[in-house]
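Some notes on the structure that comes next.
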Amino acid sequence: MGTFLKTPSSITCEVLGLSPLHCVCIDAEHAPFGRLELDQSIAALRAADMPSLVRIQSSNAGEILSALDCGATGVVLPHVVSGEQARELVQVSHYGPGGRGYAGSSRAARYTNKPMSEHIAHSAATTTLVAQIEDAEALGNLDAIASVDGLDCLFIGRMDLTVSLRAASPLDRVVIDAVEQICAAGQRHRKTVGMFFPPAEDCARWQKVGATFFMLASDQQFILDGARTLASKLAPPA
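Take 17 as the starting number for the sequence shown in our numbering and just add one per residue.
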């Protein structure tokens with residue numbers, strides 16, 4: 017269980033690092049994170065021993081490199097629609113021919129204090145790559161995507177999937193069917209399946225069909241929920 021970070025704040029990361037959540041996903045796709053804000057947020061999460069994912073804005077090699085060099089545990093790759101695209105993204109996320117450029121001066125390499133061989137081996141073993149499935153186009157390629165070596169998780173982008181399927185609600189049957197298809201593909205290929213879902217649903221429903229990784233709400237939602245709870249304690253005037 018994790019949550020999204022929408023506010024570019026290392027202090028918010030420090031606070032979330034004290035929570036019982038298992039990870040924080042920095043939403044650099046939809047929130048205003050520059051390179052410095054991303055760097056500071058990842059540093060605060062690392063200091064709290066809180067695993068960090070970065071949902072990048074577009075799946076290009078430069079954004080992947082930035083997130084991983086800053087020391088993120090892994091990357092959430094948006095709009096993955098084919099096996100070929102998934103293989104290319106895995107390649108550029110790891111060191112090797114045609115892959116991620118090496119720098120021993122990064123935080124991930126402990127600012128030159130980690131031997132190259134050790135850093136490359138550790139990166140290969142621990143870098144987490146999450147393919148976000150959020151397009152109707154991807155539904156016909158689920159087995160091709162899920163079978164890609166080095167891809168760790170299929171994450172269901174429920175809201176964009178609803179838009180792509182031209183559904184009226186993420187609770188529409190056509191969307192539910194698509195989510196179930198993605199869960200089944202993950203199980204066939206022994207890939208972790210993650211998701212975000214509307215408040216009207218719960219984890220137990222989707223655990224039954226193979227989902228085990230849930231990214232729910234956000235730091236902004238926590239603030240709003242807390243403020244509403246606080247306001248509800250004040251009785252209306254007689």
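From the three backbone atoms N, C-alpha and C, an ideal C-beta is built for every residue, glycine too. Bear in mind the structure is a predicted one, so any value in this text is a computation, not a measurement.
Quick check: the Cα distance between residue i and residue j, rounded to an integer number of angstroms?
| i | j | result |
| --- | --- | --- |
| glutamate 136 | glutamine 107 | Looking at the sequence shown, residue 136 is not glutamate but isoleucine. Rounded to whole angstroms, isoleucine 136 to glutamine 107 spans 14 Å at the Cα level. |
| aspartate 168 | alanine 243 | 37 Å |
| threonine 143 | threonine 208 | 14 Å |
| glycine 202 | phenylalanine 229 | 12 Å |
| serine 26 | glycine 166 | 30 Å |
| lysine 249 | phenylalanine 238 | 17 Å |
| histidine 138 | alanine 251 | 56 Å |
| valine 176 | tyrosine 111 | According to the sequence provided, residue 176 is aspartate. The question's valine does not apply to it. Spanning the two alpha carbons is a distance of roughly 31 Å. |
| arginine 174 | serine 234 | 16 Å |
| cysteine 219 | glutamine 56 | 31 Å |
| threonine 178 | alanine 47 | 21 Å |
| alanine 216 | aspartate 188 | 12 Å |
| lysine 130 | leucine 52 | 23 Å |
| serine 109 | arginine 116 | 5 Å |
| methionine 17 | threonine 245 | 23 Å |
For residue i, which of the options has the nearest alpha-carbon?
| i | options | result |
| --- | --- | --- |
| glutamate 30 | Leu52, Pro67 and Arg51 | Pro67 |
| valine 146 | Ala227, Gly90, His138 and Ser122 | Gly90 |
| phenylalanine 212 | Leu240, Gly114, Leu170 and Leu246 | Leu170 |
| alanine 102 | Gln236, Ile149, Pro214 and Ala184 | Ile149 |
| valine 225 | Tyr118, Arg126 and Glu196 | Glu196 |
| alanine 38 | Leu69, Lys22, Thr23 and Pro24 | Per the sequence presented here, residue 38 reads as histidine, with alanine not at that position. Out of Leu69, Lys22, Thr23 and Pro24, Leu69 has the C-alpha closest to the C-alpha of histidine 38. |
| cysteine 86 | Leu240, Ala119 and Ser35 | Ala119 |
Can you check whether the CB of residue j is closer than 8 Å to the CB of residue i?
| i | j | result |
| --- | --- | --- |
| alanine 44 | leucine 54 | yes |
| alanine 124 | leucine 81 | no |
| histidine 205 | serine 163 | yes |
| glutamate 19 | methionine 231 | Glutamate is not the amino acid found at residue 19; the sequence shown has threonine there. The answer is yes: Cβ separation under 8 Å. |
| leucine 158 | isoleucine 198 | yes |
| isoleucine 161 | serine 98 | yes |
| glycine 78 | leucine 61 | no |
| valine 40 | arginine 71 | no |
| alanine 152 | serine 180 | yes |
| alanine 194 | leucine 155 | yes |
| serine 75 | leucine 105 | yes |
Hey, quick one: how far does the beta strand (DSSP E) through residue i stretch, first residue to last?
| i | result |
| --- | --- |
| aspartate 43 | 39-43 |
| isoleucine 192 | Premise fails: isoleucine 192 lies in the alpha helix (DSSP H), 189-204, not in any beta strand (DSSP E). |
Can you give me the start and stop residues for the alpha helix (DSSP H) that residue i sits inside?
| i | result |
| --- | --- |
| threonine 256 | It is not possible to answer for residue 256, since the shown part of the chain is limited to 17 through 254. |
| alanine 60 | 51-63 |
| alanine 88 | Here alanine 88 belongs to no alpha helix (DSSP H), and DSSP marks it neither H nor E. |
| phenylalanine 229 | From DSSP, phenylalanine 229 is part of no alpha helix (DSSP H) but of the beta strand (DSSP E) over 229-234. |
| valine 31 | 26-32 |
Taking buried to mean at least 16 other C-beta atoms within 10 Å of its own C-beta, is residue i buried or exposed?
| i | result |
| --- | --- |
| proline 186 | buried |
| glutamine 223 | exposed |
| glycine 50 | exposed |
| alanine 247 | exposed |
| arginine 221 | exposed |
| glycine 210 | buried |
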